[in-house]
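All letters in the sequence shown, in the order written, are residues 4 to 743 by our numbering.
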Amino acid sequence: MPGHPETLSAFCPGHRLLHSLLPDDVSGWPVLGPAPGGLAIHHPHRRMPPGAGLMERIQAIAQNVSDIAVKVDQILHHSLLLHSKVSEGRRDQCEAPSDPKFPDCSGKVEWMRARWTSDPCYAFFGVDGTECSFLIYLSEVEWFCPPLPWRNQTAAQRAPKPLPKVQVEGQRELRSGPLQAVFRSNLSHLLDLMGSGKESLIFMKKRTKRLTAQWALAAQRLAQKLGATQRDQKQILVHIGFLTEESGDVFSPRVLKGGPLGEMVQWADILAALYVLGHGLRVTVSLKELQSNLGVPPGRGSCPLTMPLPFDLIYTDYHGLQQMKQHMGLSFKKYRCRIRVIDTFGTEPAYNHEEYATLHGYRTNWGYWNLNPKQFMTMFPHTPDNSFMGFVSEELNETEKRLIKGGKASNMAVVYGKEASIWKGKEKFLGILNKYMEIHGTVYYDSQRPPEVPAFVKNHGLLPQPEFQQLLRKAKLFIGFGFPYEGPAPLEAIANGCIFLQSRFSPPHSSLNHEFFRGKPTSREVFSQHPYAENFIGKPHVWTVDYNNSEEFEAAIKAIMRTQVDPYLPYEYTCEGMLERIHAYIQHQDFCIAPGPALPEAHAPKSPFVLAPNATHLEWARNASSAPGAWPPAHSLRAWLAVPGRACTDTCLDHGLICEPSFFPFLNSQDAFLKLQVPCDSTESEMNHLYPAFAQPGQECYLQKEPLLFSCAGSNTKYRRLCPCRDFRKGQVALCQGCL
Numbered sequence: 004m005p006g007h008p009e010t011l012s013a014f015c016p017g018h019r020l021l022h023s024l025l026p027d028d029v030s031g032w033p034v035l036g037p038a039p040g041g042l043a044i045h046h047p048h049r050r051m052p053p054g055a056g057l058m059e060r061i062q063a064i065a066q067n068v069s070d071i072a073v074k075v076d077q078i079l080h081h082s083l084l085l086h087s088k089v090s091e092g093r094r095d096q097c098e099a100p101s102d103p104k105f106p107d108c109s110g111k112v113e114w115m116r117a118r119w120t121s122d123p124c125y126a127f128f129g130v131d132g133t134e135c136s137f138l139i140y141l142s143e144v145e146w147f148c149p150p151l152p153w154r155n156q157t158a159a160q161r162a163p164k165p166l167p168k169v170q171v172e173g174q175r176e177l178r179s180g181p182l183q184a185v186f187r188s189n190l191s192h193l194l195d196l197m198g199s200g201k202e203s204l205i206f207m208k209k210r211t212k213r214l215t216a217q218w219a220l221a222a223q224r225l226a227q228k229l230g231a232t233q234r235d236q237k238q239i240l241v242h243i244g245f246l247t248e249e250s251g252d253v254f255s256p257r258v259l260k261g262g263p264l265g266e267m268v269q270w271a272d273i274l275a276a277l278y279v280l281g282h283g284l285r286v287t288v289s290l291k292e293l294q295s296n297l298g299v300p301p302g303r304g305s306c307p308l309t310m311p312l313p314f315d316l317i318y319t320d321y322h323g324l325q326q327m328k329q330h331m332g333l334s335f336k337k338y339r340c341r342i343r344v345i346d347t348f349g350t351e352p353a354y355n356h357e358e359y360a361t362l363h364g365y366r367t368n369w370g371y372w373n374l375n376p377k378q379f380m381t382m383f384p385h386t387p388d389n390s391f392m393g394f395v396s397e398e399l400n401e402t403e404k405r406l407i408k409g410g411k412a413s414n415m416a417v418v419y420g421k422e423a424s425i426w427k428g429k430e431k432f433l434g435i436l437n438k439y440m441e442i443h444g445t446v447y448y449d450s451q452r453p454p455e456v457p458a459f460v461k462n463h464g465l466l467p468q469p470e471f472q473q474l475l476r477k478a479k480l481f482i483g484f485g486f487p488y489e490g491p492a493p494l495e496a497i498a499n500g501c502i503f504l505q506s507r508f509s510p511p512h513s514s515l516n517h518e519f520f521r522g523k524p525t526s527r528e529v530f531s532q533h534p535y536a537e538n539f540i541g542k543p544h545v546w547t548v549d550y551n552n553s554e555e556f557e558a559a560i561k562a563i564m565r566t567q568v569d570p571y572l573p574y575e576y577t578c579e580g581m582l583e584r585i586h587a588y589i590q591h592q593d594f595c596i597a598p599g600p601a602l603p604e605a606h607a608p609k610s611p612f613v614l615a616p617n618a619t620h621l622e623w624a625r626n627a628s629s630a631p632g633a634w635p636p637a638h639s640l641r642a643w644l645a646v647p648g649r650a651c652t653d654t655c656l657d658h659g660l661i662c663e664p665s666f667f668p669f670l671n672s673q674d675a676f677l678k679l680q681v682p683c684d685s686t687e688s689e690m691n692h693l694y695p696a697f698a699q700p701g702q703e704c705y706l707q708k709e710p711l712l713f714s715c716a717g718s719n720t721k722y723r724r725l726c727p728c729r730d731f732r733k734g735q736v737a738l739c740q741g742c743l
């Protein structure tokens with residue numbers, strides 16, 4: 004710094020005036036006052052002899068300037084030293100505070116002290132091994148410690164810059180209010196969003212393109228039904244975890260070899276429905292894309308996200324759920340209420356609650372996430388504990404239906420099963436069927452090897468979807484041999500005018516006795532290959548018989564040949580039905596609102612029920628105010644006391660209703676038992692997925708202690724369960740009559 008005029012001028016503005024002093028005598032310069040810290044600067048009086056020349060004067064001035072520069076340098080050095088000591092004083096205050104509001108702070112500091120190098124993300128957020136950096140991180144990035152008082156002005160400067168805001172197709176700037184969703188009919192941009200490069204994505208895009216006209220017509224119908232209803236546009240991330248390389252992506256290589264396509268059918272339809280409803284979409288099928296869209300910091304996933312989550316909703320599967328937990332740090336717990344898990348077979352509450360599942364033997368590889376059970380969305384309406392997502396089948400117009408009826412071959416059967424293993428051991432059934440019908444198959448086989456099916460079967464090999472549809476339109480019968488379970492093909496066959504024949508399981512298949520269900524987070528008993536087709540469609544379209552009884556099987560074949568049916572598709576599996584359902588979920592389901600306490604006890608108001616006139620069940624009292632914000636609307640509630648050993652799912656179905664788990668909190672009181680005239684000698688509250696319930700003998704009433712364990716599923720002969728039921732829209736079991 005000394006002798007550098009630009010630097011000196013910056014700190015000593017008077018230096019700029021030196022040139023004006025050159026002609027003058029510099030003797031008698033004053034002594035400068037004390038500098039910061041008490042350091043005074045004195046300039047010796049240098050009087051020029053009377054005969055001194057101009058050169059000597061200039062040299063004297065130059066010396067004085069040099070002396071001033073040295074002294075200024077000393078002042079600045081002293082000031083910096085003082086500032087450093089002040090900072091050190093602050094750092095001395097970086098000790099884990101003892102604050103009852105932050106009980107985990109000291110423990111987290113200890114962990115950081117030992118493990119802060121275990122993940123590079125800590126250094127990314129400024130952790131450098133000092134106590135201060137630990138506390139800054141734990142108070143400003145995570146929330147285990149209180150903010151440091153002296154960080155008020157500097158915290159914002161140290162925070163990492165947020166990632167660029169996600170730009171989503173269809174997003175527009177409005178001056179005020181949220182963006183409004185507008186129905187879309189052109190799906191070309193959606194096809195771009197879905198990406199390419201995987202056989203699974205190619206299959207999904209072909210399906211979406213083929214159904215474009217049906218989606219457009221369905222959107223038009225739903226728009227008319229909703230009228231002027233305002234719909235906020237949601238920003239939605241769709242992460243298909245099972246297609247990522249990190250999860251193994253076992254499906255893509257099998258698309259062309261007859262592998263299961265049900266999941267890809269469902270995901271294609273979910274994407275189409277969300278897009279047609281007018282929401283902003285981002286689609287990811289790789290871990291790298293997921294991390295980028297979420298704002299995951301570099302490292303191993305221990306730290307929270309670098310920005311607020313830019314998505315209102317995230318649709319994923321169990322693989323994606325695991326990936327998010329591994330890479331979102333604490334943000335996973337913060338934002339998991341926005342996640343919707345596409346879960347083919349469902350997750351019951353007993354398996355979802357981690358502590359309960361661990362203590363009572365319900366822990367599996369797929370459960371224990373502590374989500375609201377309604378966040379799991381299934382392919383079929385297995386249990387009302389979860390939300391029914393579904394998929395769509397192609398809908399025929401009246402002209403197509405007439406053509407199909409006129410072109411049916413009365414003696415043509417198509418076997419459900421594209422893999423040769425499904426046909427093994429079925430020779431007996433095939434032999435009986437062959438006496439009456441021409442049998443067709445669509446079994447994949449390698450060109451070097453003959454198909455592994457009986458010689459009398461006409462095997463078409465694996466067919467593209469349009470050609471498979473044409474085959475179904477000619478056939479009379481679509482027959483299943485027990486596997487695969489609950490796929491989309493039977494619905495497609497019924498929609499194309501086929502009768503579906505399937506086997507009855509005795510005993511029913513479950514996780515207790517069948518390898519396929521073992522480890523899945525459900526205790527559901529499956530009584531046939533396709534329970535939805537059996538229970539929600541039934542005869543004449545669906546026949547369920549005992550394949551172990553040859554006479555019953557042969558009699559069913561003969562009866563089916565005499566039976567005439569029209570093509571049939573349940574409304575909930577049409578494009579309009581799926582749009583209606585997902586629209587209702589997006590508008591009304593909010594799992595980020597913390598559930599109230601499950602225990603009503605003495606402080607809760609009396610239940611707003613009355614005993615029905617026939618004294619069989621409870622109804623919402625007409626003069627009782629409807630619970631604000633409740634969805635489905637609480638006035639649709641009907642409550643029955645189940646017989647011993649009967650699940651609430653079955654109890655409600657017995658009365659032509661659907662079990663509604665969101666109504667359990669209204670029933671979770673001693674008052675509800677009293678109004679049903681149940682004599683409670685004692686009332687206790689415990690964690691149990693069968694409660695609220697009445698136990699005999701003993702006349703004991705039990706209330707539910709844990710809201711996440713309210714469950715329509717499950718039964719025990721010891722208990723009579725208190726069951727909340729509701730009505731439902733015709734052809735739309737997921738929605739009550741007043742739910743849209």
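No residue lacks a Cβ here, since even glycine has one placed at the ideal position from N, Cα and C.
This structure is a prediction, so every number in the text was calculated from the model and none was measured.
Spell out the partners DSSP gives LEU725 in its beta bridges.
-> The sequence position of residue 725 within the sequence shown is 722, counting from 1. DSSP lists LEU644 as partners of LEU725.
Roughly how many angstroms separate the alpha carbons of GLU703 and LEU225, rounded to a whole number?
-> Translated into the one-based positions of the sequence shown, residue 703 becomes position 700. Translated into the one-based positions of the sequence shown, residue 225 becomes position 222. Taking the straight line joining both Cα atoms gives about 49 Å.
Under 7 Å Cβ to Cβ from ASN499, same chain only, skipping five residues before and after it: list those, please.
-> Translated into positions along the sequence shown, residue 499 becomes position 496. Answer for ASN499: ILE407, GLN472, LEU475, ARG476 and PRO570, listed in chain order.
Go through the segment 333-377 residue by residue and report every complete run of the beta strand (DSSP E) that reaches 3 residues or more, in order.
-> 342-345
Which stretch, first to last residue, makes up the beta strand (DSSP E) that contains THR758?
-> Absent from the structure is residue 758, since the part of the chain shown begins at 4 and ends at 743.
Taking 8 Å as the threshold, find out whether the segment 345-355 comes into contact with the segment 377-395 through three or more Cβ pairs.
-> yes
Using the beta-carbon count (16 or more within 10 Å), is LEU211 buried or exposed?
-> Numbered from its first residue, the sequence shown carries residue 211 at position 208. The question names Leu, yet the displayed sequence has Thr at residue 211. Flag for THR211 reads buried.
Taking just the CA atoms, how far does LEU656 sit from VAL613?
-> Start at 1 with the first residue of the sequence shown, and residue 613 comes out as number 610. Start at 1 with the first residue of the sequence shown, and residue 656 comes out as number 653. If you take the alpha carbons of VAL613 and LEU656, they lie about 21 Å apart.
Per DSSP, what kind of secondary structure is PHE254 in: helix, strand or coil?
-> Taking the sequence shown and counting its residues from 1, one reaches residue 254 at position 251. Residue state, collapsed to three classes: coil.
Chain-order list of residues whose beta-carbon lies under 7 Å from that of PRO603 (same chain, five-residue window excluded) | Numbered from its first residue, the sequence shown carries residue 603 at position 600. In this predicted model, PRO603 has a pLDDT of only 46, less than 50, meaning its place in the structure is not dependable; the value taken from the coordinates is given anyway. Here the set comprises ASN671 and SER672.
Could you give the distance in angstroms between the alpha-carbon of SER714 and the alpha-carbon of ASN414?
-> Counting from one through the sequence shown, the residue named residue 714 turns up at place 711. Counting from one through the sequence shown, the residue named residue 414 turns up at place 411. The straight-line gap from Cα to Cα measures roughly 46 Å.
Check whether the segment 252-272 touches the segment 392-410, counting contact only when three or more Cβ pairs, one atom from each stretch, lie closer than 8 Å.
-> yes
8 Å contact criterion, which ARG507 and SER514 should meet: CB distance rounded | Here residue 507 refers to the residue found at position 504 of the sequence shown. Here residue 514 refers to the residue found at position 511 of the sequence shown. Actually they are not in contact, since the Cβ atoms of ARG507 and SER514 sit about 19 Å apart, beyond 8 Å.
Among residues of its own chain, excluding the 5 on either side of ASN617, which ones have a beta-carbon nearer than 7 Å to its beta-carbon?
-> For the purposes of this step, residue 617 is identified with residue 614 of the sequence shown, where counting begins at 1. Excluding residues within five positions, none has a Cβ falling inside 7 Å.
How would you call LEU725, buried or exposed, if buried means at least 16 neighbouring beta carbons within 10 angstroms?
-> As a working mapping, residue 725 is identified with position 722 in the sequence shown. Its Cβ being crowded by 16 or more others within 10 Å, LEU725 is buried.
How about GLU663 and CYS728: do their beta carbons lie closer than 8 Å?
-> Sequence index remark: in the sequence shown, residue 663 carries index 660 (1-based). Sequence index remark: in the sequence shown, residue 728 carries index 725 (1-based). Yes.
Measure the beta-carbon distance from TYR359 to LEU712 and round it to whole angstroms, keeping in mind my assumption that it falls under 8 Å.
-> Counting from one through the sequence shown, the residue named residue 359 turns up at place 356. Counting from one through the sequence shown, the residue named residue 712 turns up at place 709. With a Cβ gap of about 6 Å, TYR359 and LEU712 count as contacting.
VAL286, DSSP secondary structure in three states | As a first step, residue 286 is located in the sequence shown; it is residue number 283 there, counting from the start. In the structure shown, VAL286 sits in a strand (DSSP, three-state: E or B).
Start-to-end residues for the alpha helix (DSSP H) that takes in ARG114 | Here residue 114 refers to the residue found at position 111 when the sequence shown is read from its first residue. Reading off the sequence, residue 114 comes out as Trp, not Arg. TRP114 -> alpha helix (DSSP H) spans 108-118.
Can you tell me which of the three DSSP states GLU687 falls into?
-> Taking the sequence shown and counting its residues from 1, the one referred to as residue 687 is at position 684. Of the three classes helix, strand and coil, the one that applies to GLU687 here is strand, per DSSP.
Around the C-beta of ARG116, are 16 or more other C-beta atoms found within 10 angstroms, so that it is buried, or is it exposed?
-> Here residue 116 refers to the residue found at position 113 of the sequence shown. That one is exposed.
Is the CB-CB distance between CYS135 and CYS108 below 8 Å?
-> As a position in the sequence shown, residue 135 is number 132, starting the count at 1. As a position in the sequence shown, residue 108 is number 105, starting the count at 1. Result no, Cβ atoms of CYS135 and CYS108 do not sit closer than 8 Å.
At which residues does the beta strand (DSSP E) containing ILE596 begin and terminate?
-> As a first step, residue 596 is located in the sequence shown; it is residue number 593 there, counting from the start. From DSSP, ILE596 is part of no beta strand (DSSP E); its letter is neither H nor E.
Does DSSP classify ASN462 as helix, strand or coil?
-> Counting from one through the sequence shown, the residue named residue 462 turns up at place 459. In this structure, ASN462 counts as strand in the three-state DSSP scheme.
Is it true that the CB of ASP235 sits closer than 8 Å to the CB of ASP181?
-> As a first step, residue 181 is located in the sequence shown; it is residue number 178 there, counting from the start. As a first step, residue 235 is located in the sequence shown; it is residue number 232 there, counting from the start. The identity of residue 181 in the sequence shown is Pro, whereas the question assumes Asp. A contact, by the Cβ cut-off of 8 Å.
What three-state label does DSSP hand VAL299 in the structure shown?
-> Against the sequence shown, residue 299 aligns to sequence position 296. If DSSP states are grouped into helix, strand and coil, VAL299 belongs with coil.
Run the CB neighbour count on SER685, radius 10 Å, all protein chains shown included, and call it buried at 16 or more, exposed below.
-> Looking up residue 685 in the sequence shown gives position 682. By the neighbour-count rule (16 or more Cβ atoms within 10 Å), SER685 is not buried but exposed.
With 16 other CB atoms within 10 Å as the buried threshold, where does ARG625 fall?
-> Taking the sequence shown and counting its residues from 1, the one referred to as residue 625 is at position 622. Exposed, since its Cβ has fewer than 16 Cβ neighbours within 10 Å.
Length of the line joining the Cα atoms of ALA2 and VAL417 = Since the first and last residues shown for the chain are 4 and 743, residue 2 lies out of range.
Determine the burial state of GLN680: buried for a count of at least 16 other Cβ atoms within 10 Å of its Cβ, exposed for fewer.
-> The residue given as residue 680 occupies position 677 in the sequence shown. Per the 10 Å Cβ criterion, exposed.
With distances taken between CB atoms, is the gap from GLY349 to THR386 smaller than 8 Å?
-> Start at 1 with the first residue of the sequence shown, and residue 349 comes out as number 346. Start at 1 with the first residue of the sequence shown, and residue 386 comes out as number 383. Yes.
Backbone CA spacing between ILE317 and ASP674 [nearest angstrom] | Reading the sequence shown from its first residue, position 314 is the one you call residue 317. Reading the sequence shown from its first residue, position 671 is the one you call residue 674. Computed Cα separation, rounded: 39 Å.
Would you decide whether SER665 is buried or exposed? Buried here means 16 or more other CB atoms lie within 10 Å of its CB.
-> Your numbering for residue 665 matches position 662 in the sequence shown. Per the 10 Å Cβ criterion, buried.
Nearest CA to the CA of LYS111: which residue from SER101, GLU689 and CYS148?
-> Counted from its first residue, the sequence shown places residue 111 at position 108. LYS111 has its Cα closest to that of CYS148, out of SER101, GLU689 and CYS148.
Could you tell me how far apart the beta carbons of ARG723 and LEU660 are, in whole angstroms, since I believe they sit closer than 8 Å?
-> For the purposes of this step, residue 723 is taken as residue 720 along the sequence shown, with counting starting at 1. For the purposes of this step, residue 660 is taken as residue 657 along the sequence shown, with counting starting at 1. Not really, about 17 Å apart at Cβ, beyond 8 Å.
Beta-carbon contacts of GLU687 that lie in its chain and below 8 Å, excluding the five residues immediately before and after = Looking up residue 687 in the sequence shown gives position 684. GLU703, CYS704, TYR705 and LEU706, listed in sequence order.
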